[in-house]
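S.K.: These protein sequence lines are chains A and V, in that order.
If you want the working numbering, it's the position in the first sequence, counting the first as 1, plus 2.
If you want the working numbering, it's the position in the second sequence, counting the first as 1, plus 302.
Positions of the beta carbon are idealized from the N, C-alpha and C atoms, including for glycine.
Would you mind keeping the following structure in view while I ask a few things?
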Amino acid sequence: MKKANISKEIDRTLASVHGLKKQKTPVGFYEKLNQRLSFVEKRQQSWMMRLQLGVVAMLIMGLLNGYFLLTNTVPTNENEETIDINDFNDAYFGTVSLIDYDYE
Amino acid sequence: MAHQDRVYNTCLGFVKHEEEAEDIAQEVFIQVYESYDTFLQKAELSTWIYKITVNKCLEAIRKSKAKRRSGTEPNAELKDYMLVSNVHPGVQLENKERASILFAAIAKLPEPQQVAYTLNKIEGLSYHEISKVTGKSKSSVESLLHRAKQSLQKLLKTYYEES
Numbered sequence: 003m004k005k006a007n008i009s010k011e012i013d014r015t016l017a018s019v020h021g022l023k024k025q026k027t028p029v030g031f032y033e034k035l036n037q038r039l040s041f042v043e044k045r046q047q048s049w050m051m052r053l054q055l056g057v058v059a060m061l062i063m064g065l066l067n068g069y070f071l072l073t074n075t076v077p078t079n080e081n082e083e084t085i086d087i088n089d090f091n092d093a094y095f096g097t098v099s100l101i102d103y104d105y106e
Numbered sequence: 303m304a305h306q307d308r309v310y311n312t313c314l315g316f317v318k319h320e321e322e323a324e325d326i327a328q329e330v331f332i333q334v335y336e337s338y339d340t341f342l343q344k345a346e347l348s349t350w351i352y353k354i355t356v357n358k359c360l361e362a363i364r365k366s367k368a369k370r371r372s373g374t375e376p377n378a379e380l381k382d383y384m385l386v387s388n389v390h391p392g393v394q395l396e397n398k399e400r401a402s403i404l405f406a407a408i409a410k411l412p413e414p415q416q417v418a419y420t421l422n423k424i425e426g427l428s429y430h431e432i433s434k435v436t437g438k439s440k441s442s443v444e445s446l447l448h449r450a451k452q453s454l455q456k457l458l459k460t461y462y463e464e465s
């Protein structure tokens, strides 16, 4: 293509989108949009439902934890058997200690 | 013109494919519905909708390009052809071929130039309106359009010299 023709063709190409005819939205646009919107709403609702269920489950777990902490006493080693052994130790070895031992 | 027609035409200006434009236009309205609470009344509703539309279109173009690069798109070559050389349905019959070449050249422009050029030449928005939609100053919109025109002239020159 000749130089002069090229510059004319460039101008024509750049002008080819002038006066574009505006298009109308296709038929059924609203129906499709409504369907998609109702799907989005349902998705949001189910997400909220899951969130609420999660919060409720956490509350129940917290309450159960609290209940067990308050009702169960802390287990100790001080049962009858250990008390007997302690008494025996006190009776026979209670006064003997290497720390207090008089070496002289 | 009603909002839905404006949105649809803007989408067409960017993707040039009717079904894809309709799909993006619907996504725009879903986004409008979902984030209407966050919409500040300071801005104009139409400007806000235009912003969402442009972002959605760019997102769709980017996704399509990324899919083509990664090769996950089954009809990658076909989509590529559609995105680049599909012609806006509003183009007059005698201009179809030239418009196809022009749209392919527009697709090669950097994103900001592409947006400014499409909104101005295809959508017919004024510099002031483009500056509101893109959040850029009027002078930078002018500069973007000037550079876009220069780049297009170069691209078209190369194309016609080679053909």
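Just list the alpha helix (DSSP H) runs in the stretch 312 to 373 of chain V, keeping only unbroken ones of 4 residues or longer that don't cross its boundaries, in chain order.
M.R.: Listed in chain order, the complete alpha helix (DSSP H) runs (minimum 4 residues) inside the stretch 312 to 373 of chain V are 320 to 336, 347 to 372.
S.K.: Does DSSP put Phe41/A in a helix, a strand or coil?
M.R.: Residue state, collapsed to three classes: helix.
S.K.: Give the DSSP-derived three-state secondary structure of Glu379/V in the structure shown.
M.R.: Residue placement at Glu379/V is flagged as unreliable, the pLDDT there being 49, under the threshold of 50; the coordinate-derived value follows with that caveat. If DSSP states are grouped into helix, strand and coil, Glu379/V belongs with the helices.
S.K.: Could you say which of Val57/A, Gln25/A, Leu16/A, Gln37/A lies nearest to Glu399/V if we only look at CA atoms?
M.R.: Selected option, being the one with the closest Cα: Leu16/A.
S.K.: Quick one, which residues of the stretch 14 to 28 of chain A are near chain V if we go by CB-CB under 9 Å, in chain order?
M.R.: Under the 9 Å Cβ criterion, the stretch 14 to 28 of chain A contributes Arg14, Thr15, Leu16, Ala17, Ser18, Val19, His20, Gly21, Leu22, Lys23, Lys24, Gln25, Lys26, Thr27, Pro28.
S.K.: Evaluate contact between the stretch 346 to 362 of chain V and the stretch 432 to 450 of chain V, counting only Cβ atoms and requiring at least three cross-stretch pairs below 8 Å.
M.R.: The answer is yes - the stretch 432 to 450 of chain V touches the stretch 346 to 362 of chain V, with three or more Cβ pairs under 8 Å.
S.K.: Taking CB distances under 8 Å as the criterion, tell me whether Arg400/V reaches chain A.
M.R.: Yes, because at least one Cβ of chain A sits closer than 8 Å to the Cβ of Arg400/V.
S.K.: With 16 other CB atoms within 10 Å as the buried threshold, where does Gly315/V fall?
M.R.: So Gly315/V counts as buried.
S.K.: Where does Met384/V fall in DSSP's three states?
M.R.: Annotation note: pLDDT 44 at Met384/V (below 50); position unreliable, no value reported.
S.K.: So the alpha helix (DSSP H) Ser402/V belongs to, where does it begin and stop?
M.R.: Run containing Ser402/V: 398 to 408, per the alpha helix (DSSP H) assignment.
S.K.: Between the C-alpha atoms of His20/A and Arg45/A, what's the straight-line distance to the nearest angstrom?
M.R.: C-alpha separation (whole angstroms): 43 Å.
S.K.: Ends of the alpha helix (DSSP H) at Asn7/A?
M.R.: Start and end: 5 to 17.
S.K.: Verify the CB distance criterion: does Leu411/V have a CB-CB separation below 8 Å to chain A?
M.R.: Not one chain A Cβ lies under 8 Å of Leu411/V.
S.K.: Where do the ends of the alpha helix (DSSP H) carrying Val435/V lie?
M.R.: Note, Val435/V: alpha helix (DSSP H), 429 to 436.
S.K.: Nearest to Ser337/V by CA position, among Ile351/V, Asp325/V, Ala327/V, is which residue?
M.R.: Ser337/V has its Cα closest to that of Ile351/V, out of Ile351/V, Asp325/V, Ala327/V.
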